[in-house]
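S.K.:
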């Protein structure tokens with residue numbers, strides 16, 4: 460397996476692990492809601508926590524893709540961080556295909 464393939468597998472494993480853990484927050488909201496219904500907990504902060512934690516999963520899920528998967532992260536940086544990260548964008552736009560191989564072999568393709 461090549462280094463690039465192995466790195467991609469590692470990135471996807473991190474994202475899938477986090478995606479598998481994220482739904483477990485719904486268990487916490489369920490227990491919190493049941494505690495409110497049965498009178499074990501009381502207060503507005505707990506009522507707000509139920510919905511705040513429930514909204515946590517759909518917000519964090521796409522962020523995990525942007526943070527952990529390199530092509531998505533680079534696209535995000537190029538589109539939304541143009542002014543603050545110009546040097547990073549310029550370095551990343553160069554292709555690796557011709558930098559690893561001899562430049563003379565690239566002249567044969569047209």
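Residue numbers (our numbering): 460 to 569. The beta-carbon is built from N, C-alpha and C at its ideal position, and this holds for glycine as well. As the structure is a computational prediction, the values presented were derived from the model and not from experiment.
May I ask you to report which of helix, strand or coil DSSP gives residue 514?
M.R.: Helix, per DSSP.
S.K.: Applying the criterion that 16 or more other CB atoms from any shown protein chain within 10 Å of the CB defines a buried residue, is residue 562 buried or exposed?
M.R.: Reliability fails at residue 562, whose pLDDT of 48 lies under 50, so the model's placement of it is uncertain and no value is given.
S.K.: Just checking my contact of residue 473 with residue 527 at CB under 8 Å: how many whole Å lie between their CB atoms?
M.R.: Yes, residue 473 and residue 527 are in contact; Cβ-Cβ is about 5 Å, under 8 Å.
S.K.: Which full runs of the alpha helix (DSSP H) of 4+ residues lie inside the stretch 480-509, going along the chain?
M.R.: You should have 484-496.
S.K.: Taking the Cβ atom as the reference point for each residue, do residue 516 and residue 488 lie within a distance shorter than 7 Å?
M.R.: Contact flag unset, no.
S.K.: Using a Cβ-Cβ cutoff of less than 6 Å, which residues in the same chain neighbour residue 467 once the five nearest sequence positions on both sides are dropped?
M.R.: Result list for residue 467: empty, nothing under 6 Å.
S.K.: What's the C-alpha gap between residue 519 and residue 477?
M.R.: Spanning the two alpha carbons is a distance of roughly 10 Å.
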